[in-house]
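J.:
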Amino acid sequence: MSATLGSSIRRADFDYIRELLKEHSGVALEDGKEYLLEVRLSPLYAEMKVETIAEMVELLRRDQNAAMRERVLNSLLTNETYFFRDIHPFEVLRTEVLPELFAARAAKGHLRIWSGACSTGQEPYSIAMIVNDLLEKFPGFTVEIVATDIADENLERARAGKYCQAEVNRGLPAPMLIRHFTKKADIWEVNESIRRMVAFRKLNLFGSWSGIDRADLILLRNVLIYFEQDAKKKIIARMRRHVAEDGAFLLGASETVLGLSEEFHIVHSGKASLYRPKAAESMAVLGGVRR
Ligand SMILES: C[S@@+](CC[C@H](N)C(=O)[O-])C[C@H]1O[C@@H](n2cnc3c(N)ncnc32)[C@H](O)[C@@H]1O
Numbered sequence: 065m066s067a068t069l070g071s072s073i074r075r076a077d078f079d080y081i082r083e084l085l086k087e088h089s090g091v092a093l094e095d096g097k098e099y100l101l102e103v104r105l106s107p108l109y110a111e112m113k114v115e116t117i118a119e120m121v122e123l124l125r126r127d128q129n130a131a132m133r134e135r136v137l138n139s140l141l142t143n144e145t146y147f148f149r150d151i152h153p154f155e156v157l158r159t160e161v162l163p164e165l166f167a168a169r170a171a172k173g174h175l176r177i178w179s180g181a182c183s184t185g186q187e188p189y190s191i192a193m194i195v196n197d198l199l200e201k202f203p204g205f206t207v208e209i210v211a212t213d214i215a216d217e218n219l220e221r222a223r224a225g226k227y228c229q230a231e232v233n234r235g236l237p238a239p240m241l242i243r244h245f246t247k248k249a250d251i252w253e254v255n256e257s258i259r260r261m262v263a264f265r266k267l268n269l270f271g272s273w274s275g276i277d278r279a280d281l282i283l284l285r286n287v288l289i290y291f292e293q294d295a296k297k298k299i300i301a302r303m304r305r306h307v308a309e310d311g312a313f314l315l316g317a318s319e320t321v322l323g324l325s326e327e328f329h330i331v332h333s334g335k336a337s338l339y340r341p342k343a344a345e346s347m348a349v350l351g352g353v354r355r
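FYI, this note's numbering numbers position 147 of the sequence shown as 211, with every residue one higher than the one before it.
Okay, structure coming up:
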C-alpha cells in the first residue's frame, strides 16, 4: 500500500501533481501543502466525474487532455489580489514615479506599463485609474497598459471587469468606485473608459514573451514568492532586459531582488520600495524618489 500524507492524499499523487504544477507554472508546492490539493481541486470533482484526488490523478495520468490538465493546475495557483494592494506603492506611483516618467517621455508622448501576473485584473485597473487622472495634465499623451497572467480563468474575469461588493470593498476608495464603476444588480462593472485602457493577454512567465515590448514600468507583484530561487533569478534577469533603462520595476511587499540580482538599485520612498536598473543611475528620471 502506498504512503499517505496526513490527510487522505497519497505521497505518489501529491508528487505527481507537484511535478506537473512546476512544469506548468514554475510554482513549487512545498511539503505540508497537501491540504491545498483537496481545498482547491475538490470543486472540480463533479465536472471531472471523480470523487477523490487519487481518482483525479489517475484520470490525469490516463487522459492527456491538455485543457483539462491546465484547468486542474490553474486551480492550484493562488490568485489572491485586490485593488490598490498594499496602497503605498500606488501612492508612490501616483505622486512620484508616474509624473516623472510622463515628464521624461514628453517628447515621445507615450508610456508603456506591464502588469505581469495580473490575476483577475484589480492591479492593472488600479494603475489605469491613476493614469486616467494623470492624463488630464498631459493631453495628447498615450499610455499602454498590458496585463498578463498564465490562467485563462483569471484573464476572462479580468477582461469582464465585473466585481462583487466584497471585492470592491477591498482597497478601492469610495470616490474611485463611484467615479469609475457602474453598479448593475449586485455587481460593480469597471467603466469602459478604464477598461479600454488595459489589454489583457495570456503569458506564462517561463514561456515566450514575444509581443511584450519593453516597458517603462513593470509590476511583478506577489508571484515570485511561489517560485524556487533559481526560477526567481531567471525571471528577474529577464525583467531587467524588459524594463527601460530609466524605468522602474515593482515587486510585492514581501518580495525583494536582494540575493537574486545585482542589476537593480533599491529605491525607498516612504513605506514603498521599487527597483531601478543600475545602468540608469546617472539619469535624471526618478531622481526625486532616489534615497
Ligand atoms: C497572488 S496573484 C498576484 C496578483 C497581483 N499581481 C497582486 O499582487 O495582487 C499571483 C498570480 O500569478 C499567476 N501566475 C502564477 N504562475 C505564473 C506564471 N508562471 N506565469 C504567469 N503568471 C503566473 C497566477 O495565475 C496568479 O494570478
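Where a beta carbon is used, it is the ideal one built from N, C-alpha and C, also for glycine.
Since we're looking at a predicted model, the values are computed, not measured.
Between which two residues does the beta strand (DSSP E) containing A171 stretch?
T.: Taking the sequence shown and counting its residues from 1, the one referred to as residue 171 is at position 107. Where A171 is concerned, there is no enclosing beta strand (DSSP E), because DSSP gives it neither an H nor an E.
J.: What do you reckon, is the C-beta of N268 under 8 Å from a heavy atom of ligand 1?
T.: Residue mapping note: residue 268 aligns to position 204 of the sequence shown, counting from 1. Yes, the beta carbon of N268 sits closer than 8 Å to at least one heavy atom of ligand 1.
J.: Measuring alpha carbon to alpha carbon, tell me which residue in V136, D150, I177, E217 is nearest E102.
T.: Your numbering for residue 102 matches position 38 in the sequence shown. If we check each option's Cα against that of E102, V136 comes out closest.
J.: For the 8 Å Cβ check, are there 3 or more pairs between the stretch 193-212 and the stretch 171-178?
T.: yes
J.: Hey, is the stretch 305-319 in contact with the stretch 279-289, meaning 3+ C-beta pairs nearer than 8 Å?
T.: Yes, the stretch 305-319 is in contact with the stretch 279-289.
J.: Quick one: residues in its chain with C-beta nearer than 7 Å to the C-beta of L123, no 5 flanking neighbours on either side, listed in chain order?
T.: Along the sequence shown, one-based indexing puts residue 123 at 59. Result list for L123: M112, V114, in chain order.
J.: Report yes if the CB atom of F148 is closer than 9 Å to the CB atom of V232, and no otherwise.
T.: Taking the sequence shown and counting its residues from 1, the one referred to as residue 148 is at position 84. Taking the sequence shown and counting its residues from 1, the one referred to as residue 232 is at position 168. Going by C-beta atoms, F148 is not nearer than 9 Å to V232.
J.: CB-CB under 6 Å to F264, same chain, minus the five flanking residues each way: which ones, in chain order?
T.: Counting from 1 along the sequence shown, the entry for residue 264 is found at position 200. Once the five neighbours on either side are set aside, the close Cβ partners of F264 are A211, L219, A222, R223.
J.: Have a look at L157, I73, L140 and flag the residue whose alpha-carbon is nearest the alpha-carbon of L108.
T.: Sequence index remark: in the sequence shown, residue 108 carries index 44 (1-based). L108 has its Cα closest to that of L140, out of L157, I73, L140.
J.: On the premise that I194 lies in contact with L162, defined as a C-beta separation below 8 Å, what is that separation, rounded to the nearest angstrom?
T.: Locating residue 162 in the sequence shown gives position 98, counting from the first residue. Locating residue 194 in the sequence shown gives position 130, counting from the first residue. About 7 Å separates the two Cβ atoms, so the contact holds.
J.: Note down, one range per segment and in chain order, each alpha helix (DSSP H) of at least 4 residues found wholly within the stretch 256-286.
T.: 256-259
J.: Do you know how far the Cα of I330 is from the Cα of S337?
T.: The count along the sequence shown starts at 1 and reaches residue 337 at position 273. The count along the sequence shown starts at 1 and reaches residue 330 at position 266. Roughly 7 Å separates the two Cα atoms.
J.: Rounded to whole angstroms, what is the Cα-Cα separation between V156 and A167?
T.: As a working mapping, residue 156 is identified with position 92 in the sequence shown. As a working mapping, residue 167 is identified with position 103 in the sequence shown. For V156 and A167, the distance between alpha carbons rounds to 16 Å.
J.: Are the stretch 273-283 and the stretch 246-256 touching, with three or more C-beta to C-beta distances below 8 Å?
T.: no
J.: Just to confirm, are N138 and A215 a CB contact at a threshold of 9 Å?
T.: Taking the first residue of the sequence shown as 1, we reach residue 138 at position 74. Taking the first residue of the sequence shown as 1, we reach residue 215 at position 151. For N138 and A215, yes; Cβs fall inside 9 Å.
J.: Quick one: Cα of M347 to Cα of D197, how far?
T.: Within the sequence shown, numbered from 1, the residue matching residue 347 stands at position 283. Within the sequence shown, numbered from 1, the residue matching residue 197 stands at position 133. A caution first: M347 carries a pLDDT of 43, below 50, which makes its placement in the model unreliable, though a value can still be read off. Computed Cα separation, rounded: 26 Å.
J.: Just mark R260 as buried or exposed, buried being the case when its beta carbon has 16 or more other beta carbons within 10 Å.
T.: Taking the sequence shown and counting its residues from 1, one reaches residue 260 at position 196. Counting Cβ neighbours within 10 Å, R260 comes out exposed, since fewer than 16 surround it.
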